[in-house]
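Right, one structure below, let's go through it.
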Amino acid sequence: MSTITLPTPPVLNPPASLEASASENPERLLELSLGPQHPSTHGVFRMNVVLDGERVVRLKPVFGYLHRNHEKIAENETYLGNMPYTDRLDYICSLTNNWAYALAVEKLAGIPVPERAEYLRVITAELTRLLNHAALVGFLLQDMGASGTPLMYAFREREKILDLFEALTGARMMCNYMRFGGCRVDAPAGWLDQARKVVADFPKFLDEFEKLLVSNEILMERTQGVGVLSRELAISSAISGPMARASGLNYDIRKVDCYGIYPRFSFRVPLGSHGDVYDRYMIRILEMRESLKILEQALRDIPEGPILDPKSKPRGFRPKPGECYGRIEAPKGELGFYLISDGSPNPYRYRVRPPSLINLTVLEDLCLGHNVADVVVILGSVDIVLGEVDR
Amino acid sequence: MIGTGILKGLAETARNFFLSYVSKDRLTTVQYPEQRLPQIEAARNFPFLVYDGAEWDAGMRCVACQICEKECPPKCIFIEKSKDKKPDAVGKPQFYPARFDIDISVCMSCQICVEVCPFDAIKMDVEFDLPTDDRFAGLMLDRHKLSKSNEYYHEIHPTEATAVDTALDAERAKAAAAKAAAAAPKPASPAATAASAASTPKPTEGESK
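Which chain is which? The protein sequence lines are A and B, in order.
Counted the way this note's numbering counts, the first sequence spans residues 1 to 391.
Counted the way this note's numbering counts, the second sequence spans residues 1 to 209.
This is the structure we're talking about:
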């Protein structure tokens, strides 16, 4: 498996040691509530931080403000009726959520997917990855105080991809596009050319973005050596996605599981070596470049043909009793759906394995010993969406 | 040297600023209420009911089969079936919705109602300018407010509407031909009529189960 290893940048700002804060006088500690209504928390998320001066001694994440009973609602809906609800899990990347759910149900019922639909799925999923990572780097820099400019540049690119999604699926964010055994509609006339143009123009944005900020001294000072996640901790706490890869863990479900038609495309998996915020930021930039490679190949090779399995129908879908777990590499990590069918039109049990929530469990370990201003940056680099954390 | 990275970044911002006077691509925003981007054809937000002809009441395609009401994930559709029947577009007596309400404060624009409708009666609208000061009654659209003509459907989704019309015309022509065929040999061969009469009620029976 070919991988990229990031060059070793000089560590400018080594973190203060944990022992120093543990020995402090408890009477000097200050408990502070960050959030839930705070722009830095990316939604309604609260952190109870115990501070010793500027240093974080303890951190307790509090979430559940956006709980919508997603899993229980799903047990009372039909299998198809759940599809629009999965859009609202990680509302930035609705198409990868659709895919993960469709994959789980297809596995459960043994439905084949036509060739063209597989290509459309790869194209939309990789566009979603571009969109998510572009939004993430924009928000991360916004959290660091680069007010406006990088975020606006990132959102300008995101808008082009959202226009593509609207032309294909009818909605910008709540796409509801995948069906069991394919996709809902075929690409309209001229859509693939429009997508090729967006993909061809995207590297310009990445070059611009790198020139804008990658060598910026303030950025390096704020990110290098901050929020280090060790490889061992990443493995033992089931971290997945770009966050695990930034810690040097070579784990990409596109390569490991080979779901869909990913084995046909040549792409590399970027790996970090430090596991700090800077590596997590750079991994996303490099992953966007690899996604562009997949997109170029998929848009070149996409065949003509049907987009939906002829046996697939919107009403009266009852899979045989059984259980299955379907997972994909969502932009944030491993997104899985666990389903149990008892042969009725609605699932007996429906469970989501959200990458945001599980990546968030190590937040305290990342933040201890750092300044309170770094907590905001570390949280931003974890890449959470509260729709998925709380469900 | 320290600071060069920052200067490089500033040069990039400055380039973007000055080139925005030259290149239209760099001006990405529009002044919304005055300037509007062209509507994307596949766009959707809330459902509406299609009617044929000039009269919304008479030409309504909906036959109150209540499939959309049953399949709607957030259950935002409310239908009351009529007691009597009235002729549809091809003159066949059909039920019609005595009441058809969609609560668009609940609707999540998933368009599953459109996918399950066997009569092409419900489609997605693109109208988004729906503010109201009454959040209960104002967002509860009744069947009159929901009814829009087939011409309007052609205006907002031309490709999709043409495909639907072609399919519907083919179906109606087939129905008319079958009706004519059933009517013509009536005096000649009673066996054919008996066979067609025996075959027609069966699917309706299965449907009602």
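The beta carbon of each residue, even a glycine, is placed where N, CA and C say it ideally should be.
In this text, all values refer to a predicted model and were calculated from it rather than measured experimentally.
Query, Result
"Through-space distance from Met144 (chain A) to Ala109 (chain A), alpha-carbon basis", "47 Å"
"7 Å CB neighbourhood of Cys324 (chain A) in its chain, flanking five on each side removed", "Ala104, Lys107, Leu108, Leu339"
"Under the three-state DSSP convention, the category Val113 (chain A) falls into", "coil"
"Pro347 (chain A) (DSSP reduced to helix, strand or coil)", "coil"
"Within-8 Å CB hit, Ile2 (chain B) to chain A", "yes"
"Which residues DSSP lists as bridging Asp103 (chain B), in chain order", "B:Met140"
"Span of the beta strand (DSSP E), counted from its first residue to its last, around Tyr325 (chain A)", "322-330"
"N-terminal and C-terminal residue of the beta strand (DSSP E) that Asn48 (chain A) is part of", "46-52"
"Per-residue burial, Asp430 (chain A) [other beta carbons within 10 Å of its own, 16 or more giving buried]", "No answer is possible for residue 430 (chain A): it lies beyond the span of chain A, which begins at 1 and ends at 391."
"Residue-level contact to chain A via CB, Glu155 (chain B), 8 Å cutoff", "no"
"Beta carbon proximity, Val116 (chain B) to chain A, threshold 8 Å", "yes"
"For Ala135 (chain A) and Phe17 (chain B), the rounded distance between their alpha carbons", "21 Å"
"Segment contact flag, the stretch 328-344 of chain A with the stretch 115-134 of chain A, C-beta cutoff 8 Å, min 3 pairs", "yes"
"Short CB-CB distance (under 8 Å) between Ile122 (chain B) and chain A", "no"
"Buried or exposed by the 16-neighbour rule on C-beta atoms within 10 Å, applied to Gln142 (chain A)", "buried"
"Contact set between Ser105 (chain B) and chain A, taken where Cβ atoms lie within less than 9 Å", "In chain order: nothing, as chain A lies at least about 16 Å away."
"Spatial neighbours of Ile122 (chain B) in its chain, beta-carbon cut-off 8 Å, leaving aside the 5 residues before and after", "Pro47, Phe48, Leu49, Val50, Cys62, Cys68, Cys113, Val114"
"Candidates B:Gln66, B:Ala163, B:Ala11: closest to Lys81 (chain B) by CA position", "B:Gln66"
"Counted within 10 angstroms of its Cβ, other Cβ atoms place Tyr32 (chain B) as buried (16 or more) or exposed", "exposed"
"Cβ pair Val44 (chain A), Leu386 (chain A) closer than 8 Å", "yes"
"Distance CB(Pro242 (chain A))-CB(Glu208 (chain A)) smaller than 8 Å", "no"
"Chain-order list of residues whose beta-carbon lies under 8 Å from that of Pro188 (chain A) (same chain, five-residue window excluded)", "Ala167, Leu168"
"Three-state class that DSSP yields for Gln37 (chain A) in the structure shown", "strand"
"Contact under 8 Å by Cβ, Leu249 (chain A) with Ala234 (chain A)", "yes"
"Helix, strand or coil at Cys68 (chain B) according to DSSP, with G and I counted as helix", "helix"
"Under 7 Å by beta carbon: chain A residues contacting Lys8 (chain B)", "Lys211, Ser215"
"Contact under 8 Å by Cβ, Cys183 (chain A) with Leu89 (chain A)", "no"
"Pro73 (chain B): contacting residues in chain A (beta-carbon distance under 9 Å)", "Ile73, Glu77, Thr78, Leu80, Gly81, Asn82, Met83, Pro84, Tyr85"
"Segment limits, beta strand (DSSP E) that includes Leu308 (chain A)", "Neither: Leu308 (chain A) is in no beta strand (DSSP E) and is coded neither H nor E."
"Whole-angstrom C-beta distance between Phe78 (chain B) and Pro101 (chain B), which should lie under 8 Å", "The sequence given here places Asp at residue 101 (chain B); Pro does not occur at that position. 4 Å between Cβ atoms; contact."
"Residues near Met174 (chain A) by beta carbon distance below 8 Å, same chain, minus five either side", "Pro84, Asp87, Arg88, Tyr91, Ser94"
"Neighbour-count burial assignment, Leu299 (chain A), 16 or more Cβ in a 10 Å radius", "buried"
"Interface residues of chain B facing Ile432 (chain A) [CB-CB closer than 9 Å]", "Nothing can be reported for residue 432 (chain A): it is not among the residues displayed for chain A, which extend from 1 to 391."
"Classification of Ser20 (chain B) by the beta-carbon crowding that lies within 10 angstroms, buried from 16 upward", "exposed"
"Sub-8 Å separation of Ala100 (chain A) and Gly336 (chain A) beta-carbons", "yes"
"Reduced DSSP category for Asn371 (chain A) - H, G, I as helix; E, B as strand; rest coil", "strand"
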